[in-house]
Amino acid sequence: MQKTGLMIAGLGALALGLAACSPTPAEPATVAPAAAAEPAAAPMADMPMGPAPAQTGPIMGVGKITAINAAGGTLTIDHQAIPAVKWDAMTMGFTAADPAMLKDLKVGDAVTFELKSASESSVVTKVQKQ
């Protein structure tokens, strides 16, 4: 019987300790009718969350042509890192905005090139031999 009493007392002490450590419920906020129509400020409203700001100005790259398909209007460039679109150095294919810009280029040419935009980064609008 003594063990049961100690056990009950111990459980009671544990319950009181947990209750004391628990967060107290927030009081319901009283909102005036005029203020209720305005949205509450988000706690992280000032944090950048979503797409990165649009790149201003041209997005330039530097690389070497590894393949050209003039009929298809595409080229492959082994390019250096392009921080504006968060790309590491790599080899990738691009579509020429105007296939005529490919006529004087050949595999092995060192080039600078311009991407159409951050959202259309696979389209090249300008390619110039170095």
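Mapped onto the numbering used here, the consecutive letters of the sequence shown carry residue numbers 25 to 154.
Virtual Cβ for every residue (Gly too), placed ideally from N, Cα, C.
Between which residues of its own chain and residue i is the CB-CB distance below 6 Å, once the five residues before and five after are set aside?
i    : result
S145 : V109 and L139
K150 : E138
Indicate, with yes or no, if the ligand GDP has a heavy atom lying under 8 Å from the CB of residue i.
i    : result
G132 : Because no ligand of any kind appears in the structure shown, any question about the ligand GDP cannot be addressed here.
Could you check whether residue j and residue i sit closer than 9 Å to each other, using their CB atoms as the reference points?
i    : j    : result
I106 : T100 : no
V86  : A121 : no
S115 : T98  : The identity of residue 115 in the sequence shown is Thr, whereas the question assumes Ser. Contact: no.
A142 : I83  : yes
Using C-beta distances below 7 Å, list every residue in its chain close to residue i, excluding the 5 sequence neighbours before and after it, in chain order.
i    : result
Q154 : A134, V135 and T136
A113 : H103, Q104 and A105
Q168 : Since the first and last residues shown for the chain are 25 and 154, residue 168 lies out of range.
Contact check, residue i vs residue j under 8 Å by CB: the rounded distance?
i   : j    : result
A94 : K127 : 7 Å
Whose C-beta lies closer than 8 Å to the C-beta of residue i among residues of the same chain, with five residues either side of it excluded?
i    : result
K130 : I89 and I92
Considering only residues of the stretch 77-143, which uninterrupted beta strand (DSSP E) runs meet the minimum length of 3 residues and lie entirely inside it, listed in chain order? 83-93, 98-103, 114-120 and 134-139
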